[in-house]
Each structure stands twice: as structure tokens, then as C-alpha cells.
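Participant: I'd like to ask some things about the structure below.
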Amino acid sequence: MDLGLQGKWALVCAASKGLGRGCAEALVREGANVVVNARGRDALEATAAGLRALNPAVEVRAVAADITSADGRAAALAACPQVDILVNNAGGPPPGDFRDWDRAAWIAALDANMLTPIELIKATVDGMAERGFGRVVNITSGAVKAPIDVLGLSNGARSGLTGFVAGLARQPRLASRNVTINNLLPGPFDTDRLRATMVGAAAKSGRSVDAVMDERRAQNPTRRFGAPDEFGALCAFVCSVHAGYLNGQNLLLDGGAFPGTF
Ligand code: NAP
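Counting with the working numbering, you get residues 4 to 265 for the letters of the sequence shown.
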């Protein structure tokens, strides 16, 4: 299927690794030009080089910046001639007990996982509507649908974004102009972030990291973790010209781990 993305410009935030990188790779394969962002310059430049090698016909620009800062967002937006596709992503908040989180911890989580995507949406969707095409994909978490106890900061901040987006996506001034906003909810995907949480869980339980990872794989109906390119493939389809009627949805990719019928 031709996704119709040739020549479009995508801003993919937090994309030097993991799920963001998977999305950038899928978009580049489909012929979209991309601006990729992350804080660490070396990993970002290596990812940008990999993207250029994947499809030499597209333009790839790398912006090393903290996307949760106003300056970082301005730099990322300035590097993108026009944002046809916006993939919102940032690092997830740390796990812990809510008794230990002060106001600063909550503000940091809200900044990264709620307010930053909203700022970027605000900066881009009206231009998308004027041009008659726009796709916003927010990478949130399966924790929005089934909260994870130790990830209370994530449960809270991402649910705030989800509620906001549910209203915005349905504004006719956007939806009737072929601008869609959807959330992708990852379950366990094999990324640095997942490994870091397993290292933490192993240290806490006194077991090996491999043992913890095997146990987590065994808990999933597929008996494995998701791969970032599987995540990217869905992202590319949601961004495609064929997905204009898919709007305001929360799409869970978790191998069937969520036990509900819907
Ligand atoms: P990852 O492999 O650790 O990659 C995170 C990427 O984001 C890196 O490129 C990182 O680069 C960049 N990044 C982090 N903070 C940033 C910031 N403030 N500004 C710009 N770039 C930033 O993580 P992942 O697994 O892909 O996770 C992506 C998101 O999905 C996270 O919010 C995570 O909580 C969520 N999620 C993941 C899973 C999973 O199983 N993997 C499940 C549910 C939810 P730098 O560090 O160099 O900036």
C-alpha cells in the first residue's frame, strides 16, 4: 500500500532511540522528510545518518534539544519547513511511590508528557488545517488504559493529555480539514526505557535482569516484547492519506495483554 507520504514533512520528537526512532524510520521509508529530535547529540546524529541511509531521497534534519523546553520546541519547529505530521514523544517519568513525589516531580511529568505535546499541537494544527492535511500522533502508554501502580506520574500526566486531545480532535475546524489527532498506547516494547525499568525491578527483587525480562515476556499473550519497527509501522499508517477517518482514537499495541473485550 502506498501511504501517500512522499514529500510530507514530519517532526518526530524524542527519536534517537526506541519508539520515536521506529516512527521516524517508518515515515522515512514511506518517503517523508523528517526532523528528528533528542537531547543527546551523538546518538541523534547516528540515528539521522541511519535514516538517510534508509532512504537517500528524503531530507533528514536533526535537532539536538530538550523538547520539554520552550527553546527546544522552537528549534525543532524552526527546522521543519512545514509540519504535516507531528509525532509527540518524550522520556517517560520515573517510577516510584506518590508519597515521595513533590510538586516539582509532578510539574516535570506534566511538562514532558502533557504540556509539551499540547504546545506543539498548538503551534502546528492550524497550519495543517489551512493546508488541508495534518496528522498528530501522541505516543502515550498502555498505562492510560490500565494504570501501572509505580508509574503514577505517567498515569496522571498522560491521562491529562488524553482527555485534552479527546476534545480537540473533535473540533470540526480541524477534523473537517483533514487534520487528525490520535494516541498510540505502547505496551511493553523492547527499548532502552523498558530495559532500564527491568534493571530497576531486578535490583529491587534480587533477581537477574534476564529472569525479570523472561517473566515479563511470559506474561504477554505473544510471549515477547513488541519491536519498535512494529510500532513505527502503525504510526506511519495512522499518518497516511488513507487514515483521514481515524480520529480521536487511543490505539493500544500490547500484544493483547490488556484483558478486556474492547
Ligand atoms: P527510549 O528507548 O528510552 O527512547 C527515548 C528517546 O527519547 C531517546 O531518543 C531520548 O534521547 C529521547 N528523549 C527523552 N527525553 C527527551 C527530551 N526531554 N527531549 C528530547 N528527547 C528526549 O524510550 P521508549 O521506550 O522509546 O519510550 C518512548 C515513550 O514511550 C516514553 O515516554 C515511554 O515512557 C513510553 N512508553 C514506552 C514503553 C515501552 O515499553 N518501551 C511502554 C509504555 C510507554 P535523549 O535521552 O538523548 O534525549
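Glycine included, each C-beta is placed from N, C-alpha and C at the ideal position.
Just so you know, these numbers come straight off a predicted model, no measurement behind them.
Just list the alpha helix (DSSP H) runs in the stretch 89-135, keeping only unbroken ones of 4 residues or longer that don't cross its boundaries, in chain order.
Facilitator: 106-113, 119-134
Participant: For residue 113, is the beta carbon positioned less than 7 Å from some heavy atom of the ligand NAP?
Facilitator: Distance from the C-beta of residue 113 to the nearest heavy atom of the ligand NAP is not below 7 Å.
Participant: Using only the alpha-carbon positions, how far apart do residue 14 and residue 83 sit?
Facilitator: Residue 14 and residue 83 have their alpha carbons spaced roughly 7 Å apart.
Participant: In chain order, what residues of the same chain lie with their CB nearer than 7 Å to the CB of residue 22, ignoring the 5 residues before and after it?
Facilitator: 92, 142, 189, 192, 194, 231, 234
Participant: What is the DSSP secondary structure of residue 192, counted as helix, strand or coil?
Facilitator: strand
Participant: What does the alpha-carbon distance come out to for the pair residue 179 and residue 169?
Facilitator: Distance between residue 179 and residue 169, taken at the CA atoms: about 16 Å.
Participant: Among residues of its own chain, excluding the 5 on either side of residue 165, which ones have a beta-carbon nearer than 7 Å to its beta-carbon?
Facilitator: 143, 147, 186, 253
Participant: By the DSSP assignment, the alpha helix (DSSP H) with residue 67 in it spans what residues?
Facilitator: Looking at the DSSP string, residue 67 is not in any alpha helix (DSSP H); the run it does join, the beta strand (DSSP E), is 63-67.
Participant: Please determine, among 115, 81, 87, the residue with the shortest C-alpha to C-alpha distance to residue 96.
Facilitator: 115
Participant: Give the secondary structure of residue 7 by DSSP, where H, G and I count as helix, E and B as strand, and everything else as coil.
Facilitator: coil
Participant: Relative to the C-alpha of residue 16, which candidate in 55, 90, 85, 60 has its C-alpha closest?
Facilitator: Taking only the C-alpha atoms, the option nearest residue 16 is 90.
Participant: When DSSP builds the beta bridges, which residues end up paired with residue 138?
Facilitator: 88, 183
Participant: Would you say residue 31 and residue 61 are within 8 Å of each other, going by their C-beta atoms?
Facilitator: Going by C-beta atoms, residue 31 is nearer than 8 Å to residue 61.
Participant: Can you tell me where the beta strand (DSSP E) holding residue 13 begins and where it ends?
Facilitator: 12-15
Participant: Beta-carbon separation of residue 139 and residue 128 under 8 Å?
Facilitator: Yes.
Participant: Does residue 208 pass the burial test, meaning 16 or more other C-beta atoms within 10 Å, or should it be called exposed?
Facilitator: Exposed.
Participant: In angstroms with no decimal places, state the Cα-to-Cα distance between residue 5 and residue 241.
Facilitator: 13 Å
Participant: Is residue 41 helix, strand or coil by DSSP?
Facilitator: strand
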